[in-house]
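Chains as they are written, first to last, in UniProt numbering: chain A, 1 to 296; chain B, 1 to 428. In what follows, a structure is listed as structure tokens, so that the remarks can point back to it.
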Amino acid sequence: MTTMTTSRRRWRNTAVGLSFLLPNLIGFLILTLIPVGLLFYYAFTEWNVFGGATWTGLDNFRQMAADTTFWTALRNTLYYAAFHIPLTLGVSLGLALLLNRKLRGVAFFRTVAFFPYITSIVAIAQIWNMLFSPGFGPINELLRWIGVDSPPGWTTSADWSMPAVIIVGTWRDMGYYMLLFLAGLQTIPGQLYEAATVDGASAWQRFRAVTLPGLRPTTFFITVLLTIGSFKVFDLILVMTNGGPGQSTLVLAQYIFRKGFEENQFGYASAVSIVLFAICLVVTVIQFVVNKRRRS
Amino acid sequence: MKRSLAAVTALLLGITGCSSGGDAEESGPVTLTLAGWSLATTPEFKTLADGFKTSHPDIVVELKEYDAANYDTQMIADLAAGKAPDVYVQKNLKNFFTYQDGKQLVDVSDVAAKLGPKVGGVSAYQVDGKTWAIPYRADSWVLYYNKALFDKAGVKHPDGSWTWAEYATAAKELTTKLKAAGDKALGTYQHTWQSTDQGFALAQSAGASLESGDYGFLKPYYETSLDLQNAGAQVSLGDATTNSLTYQAQFGKQSAAMMVMGTWYIATLLNQQAKGDADAFEWGIAPAPQLTKTTTGTSATPVTFADPTGLGINPKISDKKIAAAKEFLAYAAGADAAKALAGIGVTPADNSSVADTIFSLKGAPSDDLSKFTFATHDTKPENPVSKYTAPLQNILKDLHTEVLSGTTPIDAAITKAQDRAKNEVLNK
């Protein structure tokens with residue numbers, strides 16, 4: 001009798017729990033899981049969205065191997081990720097360390113640092129574009145004022161457009177990751193710092209021996225999030241440079257958008273999506289393996 | 001398998017897309033849904049719906065709003081999901097192929113057959129001898145000029161005889177003389193769109209074709225644009241894009257003395273001047289500059305470009321609705337709708353008798369050259385339609401930003417675009 005009641009109660013608790021999850025689960029199923037599943041099918045087809053898709057086997061992948069624009073987009077994506085990930089990690093950790101102190105108005109500064117993350121990406125891109133404007137932009141005005149004769153063209157120069165986008169991407173993301181680092185810093189016991197101070201450790205030694213090891217789980221988590229986010233970068237670049245000038249900032253996510261929604265080649269776009277997915281997966285798995293080895 | 005997958009996809013697209021429409025009843029009055037965009041600022045759809053109602057009281061036309069910037073993406077999603085309006089606009093001709101090839105348009109050859117030769121742009125919607133959409137608007141690109149700024153600079157007004165070289169000389173002269181007169185306005189403004197250079201190049205160069213994969217014909221046009229940028233006679237592409245300049249403000253707020261733009265801007269400029277969103281000044285239109293002297297002067301027909309804007313019928317609707325929709329298309333392309341559209345400053349597809357209507361609107365110019373410009377032109381399509389159009393235009397968009405930003409010299413950029421066109425599109 002007691003067993004029955006316990007199992008019934010357990011089932012009822014599970015049902016109640018599931019009922020809370022259900023709206024989210026249904027949304028996830030319809031808007032994420034099924035489309036992602038379909039993506040794997042469409043990657044092997046030629047499909048213009050109307051009517052049925054035609055199975056073409058590996059044709060899309062063969063085409064991709066010879067597609068110079070695909071390789072340009074891949075190179076640009078790797079370029080963005082290679083600089084955006086370490087830069088954002090460094091800046092957000094620095095900010096977190098700075099704002100983890102008991103300063104006057106620290107809450108205000110934390111809010112200021114977090115603000116770009118919740119601001120509309122279109123507004124961010126427009127404002128930064130105006131700041132970067134080669135002719136009238138305040139950044140170049142300042143550079144000229146301090147004696148730089150020919151300041152960069154920023155988003156209008158093929159050499160500087162990607163650095164400009166990386167700077168804005170880092171500025172936009174730093175507040176969010178700073179918050180995660182702050183949360184990580186709060187979990188490091190204060191006694192460790194006290195003990196290190198008693199042992200005569202300098203600030204740098206305390207940072208290396210206490211802070212960094214204490215932040216390892218947080219750093220790992222942030223690195224994984226940043227990696228996936230960097231490989232998927234889309235909206236910022238779309239609004240800031242639209243992939244240009246030329247193809248200098250064309251990234252994989254935008255290439256997928258172009259092929260699918262502008263050129264109506266949804267099969268090919270799906271195949272490129274799968275490559276992007278595979279890259280994210282491989283890099284993340286490598287990060288997990290490395291992290292596991294370090295921990296063990 | 002394929003059908004069920006398509007159904008699931010259509011369901012997903014339907015969930016994310018907006019919807020209404022569908023067939024309600026087979027008897028009694030017919031209600032047609034018509035797609036439009038920015039309804040608050042684009043009165044042409046309501047004008048057509050209201051005008052049609054007076055002659056067809058049994059057919060109601062309801063408007064369904066789409067986002068102007070994402071019109072085709074949303075429309076494709078709605079069509080795939082079976083939720084699209086009964087009649088929808090071919091907003092961008094380069095996407096017409098997608099709809100036609102995807103079997104999303106009813107054959108309206110019978111409507112086209114009844115139209116007179118005055119309706120321009122019908123051929124743009126013809127594939128394999130059949131017509132798939134009917135144009136109601138047919139713009140063309142012209143040269144707008146600010147008479148007050150020309151007078152201030154002491155430069156002679158355009159007379160319709162200009163080649164691009166003469167236009168560039170005038171733009172530079174205007175810039176210098178306006179500066180001397182204490183005015184910051186530049187000689188001209190060419191908007192950031194690739195069509196500003198490529199549309200004219202394609203229309204005015206003999207034998208030019210996008211699908212030839214040979215883009216040497218673009219060179220003189222980009223040379224002129226770069227020359228104007230380097231001389232400071234127009235804003236550079238970089239400054240225009242980074243500062244999100246709008247062409248309406250550049251000309252309407254008198255930051256430029258000239259501007260090449262489509263005739264749709266006539267309605268906007270009149271409207272903005274009436275509301276105070278644009279400065280009040282006297283302006284006029286002249287034929288677009290030409291590549292050679294052979295097509296200049298009021299005794300010749302200037303060559304220019306622009307795509308028509310057509311109406312197509314969703315094939316998923318009932319026969320009764322298709323019949324009603326065909327009547328609506330015939331009305332929209334006809335003389336009555338032309339007058340109604342001209343009354344709000346829109347250039348109708350049948351523009352043979354509406355010049356007087358447009359030029360009698362308050363604030364419109366009244367000079368002979370403006371009237372000649374509006375009525376006389378050989379308008380070539382900006383986007384001759386094929387399955388290659390959209391991918392080729394993307395390659396040419398990259399070329400455009402590459403050249404005008406100074407990233408790559410013209411010849412090298414053209415060679416690169418040609419290689420990409422062959423490898424990525426034409427030889428696939």
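Glycine included, C-beta positions come from ideal geometry on N, C-alpha and C.
Give the residues of chain B in contact with residue i, contact being defined as C-beta atoms less than 7 Å apart.
i      : result
R258/A : N394
Whose C-beta lies closer than 7 Å to the C-beta of residue i among residues of the same chain, with five residues either side of it excluded?
i      : result
G51/A  : none
V127/B : Q100
D139/B : G262, T263, W264, A306 and T347
A6/B   : At A6/B, the pLDDT of 49 sits below 50, so the modelled position is not reliable and the matter cannot be decided from this model.
How about residue i and residue j: do their beta carbons lie closer than 9 Å?
i      : j      : result
L413/B : E402/B : For the record, residue 413/B in the displayed sequence is Ala; it is not Leu. Against a cut-off of 9 Å, the Cβ pair of E402/B and A413/B comes out as a contact.
Y42/A  : F234/A : no
S38/B  : E211/B : no
Q198/B : L63/B  : no
F217/B : L228/B : no
I317/B : T373/B : no
Q126/A : S236/B : no
I174/A : L99/A  : Just to set this straight, residue 174/A is Met in the shown sequence, not Ile. No, the Cβ-Cβ distance between M174/A and L99/A is not below 9 Å.
V272/A : L250/A : no
A170/B : G187/B : yes
A233/B : T175/B : yes
A390/B : E263/A : yes
L87/A  : T170/A : yes
V142/B : P308/B : no
G252/B : L226/B : no
A133/B : Y125/B : yes
T211/A : L97/A  : yes
L236/A : F181/A : no
Y157/A : P134/A : Sequence check: residue 157/A is Ser here, not Tyr. Cβ atoms of S157/A and P134/A: closer than 9 Å.
A256/B : A185/B : yes
V108/B : K326/B : yes
P135/B : A355/B : no
S370/B : F359/B : yes
Is it right to say residue i is buried, meaning 16 or more other beta carbons lie within 10 angstroms of its own, or is it exposed?
i             : result
H84/A         : buried
D199/A        : exposed
Q398/B        : With the sequence shown as reference, residue 398/B is identified as Asp, and Gln is not the correct amino acid for it. So D398/B ends up on the buried side.
S55/B         : exposed
P365/B        : buried
N13/A         : exposed
residue 368/A : The requested residue 368/A does not occur in the structure, where chain A is confined to residues 1 to 296.
I26/A         : exposed
A24/B         : Unreliable positioning characterises A24/B in this predicted model, as indicated by a pLDDT of 44, which lies under 50. A coordinate reading is not provided.
V119/B        : buried
T69/A         : buried
R420/B        : buried
E382/B        : buried
Keeping to the same chain, check which residues put their C-beta closer than 6 Å to that of residue i; ignore five residues upstream and five downstream.
i      : result
N314/B : A84 and D86
I286/A : none
L105/B : Y99, W132 and G312
Ignore the nearest five residues each way along the sequence and tell me which others in residue i's own chain have a CB closer than 8 Å to its CB.
i      : result
I344/B : P43, E44, T47 and A267
G297/B : G160 and S161
Y221/B : W164, D197, Q198, F200 and A201
Q290/B : W162, T163, W164, Q204, T296, P302 and V303
P138/A : L131
G116/B : D350
Just grab the DSSP bridge partners of residue i for me.
i      : result
G310/B : Q90/B and P135/B
K380/B : F305/B
N146/B : W283/B
W162/B : Paired residues: none, contrary to the question.
Y189/B : M259/B
E46/A  : T54/A
E62/B  : T33/B
K130/B : V127/B
P348/B : R137/B
V119/B : D350/B
What does residue i reach in chain B if we use C-beta pairs closer than 8 Å?
i      : result
A158/A : E402, S405, T407 and T408
W69/A  : Per the sequence shown, the amino acid found at residue 69/A is Thr instead of Trp. Within 8 Å Cβ-Cβ: R420 and E424.
Could you work out which residues of chain A lie near residue i, taking near to mean beta carbons separated by less than 7 Å?
i      : result
P391/B : E263
Applying a beta-carbon distance threshold of less than 9 Å, which residues of chain B neighbour residue i?
i    : result
S7/A : Simply none; closest approach about 37 Å.
So which residues on chain A does residue i lean against when the C-beta distance must stay under 9 Å?
i      : result
L79/B  : V49 and F50
D350/B : Chain A residues near D350/B: none, gap ~31 Å exceeds 9 Å.
Q104/B : F50
At 8 Å on the CB atoms, spell out the chain A contacts of residue i, in chain order.
i      : result
S236/B : P134, G135 and T156
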